[in-house]
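Okay, so here's the structure we're looking at.
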Amino acid sequence: MTTTQARAEAEAAAQAEHVARIKSKQDPGVSRAEGWRLRGPLLPALIFMIVVTQIPFLFTLYYSTLSWNLVRPGSREFVGLQNYLDVIGDSTFWQVAVNTVIIIVATVLISVVLGLILALLLDRVFLGRGVVRTLLITPFLVTPVAGALMWKTAMLDPVFGIVNWLLTPFGLEHIDWVSRFPLSSVILALVWQWTPFMMLLILAGLQSMPRDILEAGRVDGAGAFQLFRELTLPHLRRFIELGTVLGAIYLVNTFDQIYMMTQGGPGTSSANLPFYIYQRAFLGFDIGQAAAMGVIVVIFTMIIASFALRLIFKSFTGKEEAA
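What follows is the structure in structure tokens.
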């Protein structure tokens, strides 16, 4: 045994003895009481969350095992996992699942790029920057229903829409954007709403960046693009990741824009999972299948949330290198 190994073992033994001594001095009753005292103020919020989220989810699990159509109230019977098998075999379900992924990916990517550009512009000092920043934040403060209605009637209307009015000099007029491009119209409204959120998040990252690093890079002869690529973008990576995962979690539940702009049509070409569940439950009155779809969507959302929380933890604690 070498001297280094002996020294390491001695230090480990001393540390273990120190920890054991501290534990022996603690009163288990006092520690338990202290723990409950610290957790006590959180109990009302915990109980509220259980009542609001977990109990309805348990009812949804129960309903998903029933064949229950509201048109035939007396026909409710237990069918086990049959509703889940029917959902998996439903081609329309997979179509709207693909629509959901397209909406999430397109909205997040475009919002992040536009938010990054706007944040870089707002990071510079110019006259009226506060006013411009306030105006750019406004779309995020508008309720989704009002924003969707504005895009459908004021912006994309084939006769009175501002977009068609702007395109008239180029020979393009009376284009019914919502009918011809329903999914793209929904994504456009979502990008308009989510770009300010991404902009604020990235702007916070820019303003937290030490300026002396940029000055040192300029002294070394680095150009603006090189500074952005080598210094600014790596610093903003965790803020972009945070915006991406938070946006993805919230966009899974998109409903208002689809309901107000396209009603999921034509057919189901612009429907997503929440809207399709709404159609099955409140238009088709098939509570069993709608509940099964809801459970599947919850599982899908939990997978995204777990990945998101893990990514955020790694980004903000700097433990991705150790993983």
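For the sequence shown, my numbering gives the first residue as 68, with consecutive numbering after it. Every residue, glycine too, gets a C-beta built ideally from N, C-alpha and C.
Span of the alpha helix (DSSP H) around residue i
i, result
"residue 301", "300-318"
"residue 196", "196-208"
"residue 276", "Note, residue 276: premise wrong, no alpha helix (DSSP H); not H, not E."
"residue 246", "244-247"
"residue 237", "Per DSSP, residue 237 belongs to no alpha helix (DSSP H) and is neither H nor E."
"residue 224", "Unbroken run through residue 224: none, as it is neither H nor E."
"residue 339", "Premise fails: residue 339 is in no alpha helix (DSSP H) and is neither H nor E."
"residue 287", "Here residue 287 belongs to no alpha helix (DSSP H), and DSSP marks it neither H nor E."
"residue 154", "149-155"
Straight-line gap, residue i to residue j (C-alpha atoms, nearest Å)
i, j, result
"residue 244", "residue 359", "34 Å"
"residue 147", "residue 345", "22 Å"
"residue 379", "residue 199", "30 Å"
"residue 282", "residue 298", "11 Å"
"residue 351", "residue 132", "17 Å"
"residue 183", "residue 238", "33 Å"
"residue 321", "residue 289", "43 Å"
"residue 167", "residue 335", "11 Å"
"residue 376", "residue 311", "12 Å"
"residue 305", "residue 339", "29 Å"
"residue 203", "residue 263", "6 Å"
"residue 363", "residue 136", "19 Å"
"residue 117", "residue 127", "14 Å"
"residue 153", "residue 120", "26 Å"
"residue 227", "residue 159", "34 Å"
"residue 210", "residue 216", "10 Å"
Chain B contact for residue i (CB, 7 Å cutoff)
i, result
"residue 271", "This model lacks chain B altogether, as it is built from one protein chain only."
Residue i (DSSP reduced to helix, strand or coil)
i, result
"residue 144", "strand"
"residue 133", "strand"
"residue 252", "helix"
"residue 193", "coil"
"residue 297", "helix"
"residue 361", "helix"
"residue 112", "helix"
"residue 124", "helix"
"residue 264", "helix"
"residue 323", "helix"
"residue 211", "helix"
"residue 375", "helix"
"residue 162", "helix"
"residue 346", "helix"
Own chain, CB closer than 8 Å to residue i, minus 5 neighbours either side, in chain order
i, result
"residue 259", "206, 214 and 218"
"residue 318", "170, 171, 174, 175, 257 and 261"
"residue 149", "134"
Beta-carbon contacts of residue i that lie in its chain and below 7 Å, excluding the five residues immediately before and after
i, result
"residue 97", "With a pLDDT of only 49 at residue 97, under the threshold of 50, the placement of this residue in the model should not be trusted, and no figure is reported."
"residue 225", "231, 241, 242 and 243"
"residue 212", "323 and 327"
"residue 177", "258"
"residue 357", "344, 347 and 348"
"residue 112", "none"
"residue 130", "354, 355 and 358"
"residue 223", "230, 244, 245 and 252"
"residue 186", "266, 269, 270 and 273"
"residue 342", "322, 325, 326 and 331"
Identity of the residues DSSP links to residue i by a beta bridge
i, result
"residue 353", "136"
Same chain, Cβ closer than 6 Å to residue i, five either side skipped, listed in chain order
i, result
"residue 276", "302"
"residue 250", "337"
"residue 265", "178, 179, 182 and 310"
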